[in-house]
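Report on the following structure.
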Amino acid sequence: MRQRIYIWIAVVIVLLFVFSCKTRYVPVEIKTTETVEVHDTTITERLVPYKDSTATRDTVSFLSNPYAYSWARYSGGILQHSLGIWPNSVLIVTVPHYMTVTKRIEVPKIVEVEKKLNWWQKTKIEIGGWSMIMNILLISMMIVRWLRKKRRCP
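So this is what it looks like as structure tokens:
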């Protein structure tokens with residue numbers, strides 16, 4: 001009988017160690033910020049330099065490159081000159097979009113307690129609810145056994 005009591009006491013002590021521990025939680029405020037910055041900039045694209053010239057005894061001259069064409073005509077003491085752009089010549093200017101994305105910033109935040117715990121709540125937290133229930137059950141079982149023994153013995 002005495003050995004059983006020691007076993008139950010050992011079980012209660014083990015349960016106290018297992019269930020009465022509480023990890024400490026530090027509140028963390030999580031700020032998620034997404035920032036998209038578009039830089040509206042003008043980009044200068046350098047064209048491939050072309051230099052073309054011609055000398056002719058004729059009264060008409062024509063020059064061309066991938067971007068433009070030119071013709072000149074001399075007639076009656078007047079020089080006529082025309083410069084044009086080819087219909088399919090296109091210069092593509094790309095505007096870069098720089099994107100800055102900040103995903104997660106964790107900052108420890110102090111949380112103020114609205115209502116302080118009373119002594120009973122503090123005791124429950126420190127000892128642990130499960131260990132208190134086990135103690136109550138163990139004590140009630142011991143009382144029931146003691147009362148049964150008293151009834152049997154005259």
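The opening residue of the sequence shown carries number 1 in UniProt numbering; numbering runs sequentially from there.
We put the beta carbon where it would ideally sit given N, CA and C, even for glycine.
C-alpha distance - residue i paired with residue j, whole-angstrom precision
i	j	result
T54	V48	20 Å
K51	A72	16 Å
I5	E126	25 Å
N118	I7	34 Å
F17	K116	26 Å
L137	I110	39 Å
Run of the alpha helix (DSSP H) containing residue i, from where it starts to where it stops
i	result
residue 166	Residue 166 cannot be examined here, being either before or after the span of the chain that is shown, 1 to 154.
A55	Element bounds for A55: n/a, residue is neither H nor E.
I13	R2 to F19
Cβ-based neighbour list, residue i, same chain, cut-off 6 Å, excluding 5 preceding and 5 following
i	result
W130	F19
S61	T54 and A72
Y69	G84
Q80	R73
Y67	S89
Burial state of residue i, where buried means 16 or more other Cβ atoms lie within 10 Å
i	result
G76	exposed
G128	buried
Residue span of the beta strand (DSSP E) that contains residue i, given as start and end
i	result
I78	I78 to I85
Those residues which DSSP pairs with residue i across a bridge
i	result
S61	A72
Contacts around residue i, its chain only, beta-carbon distance under 7 Å, and the 5 residues preceding and following it disregarded
i	result
M134	V12 and L15
N65	Y50 and D52
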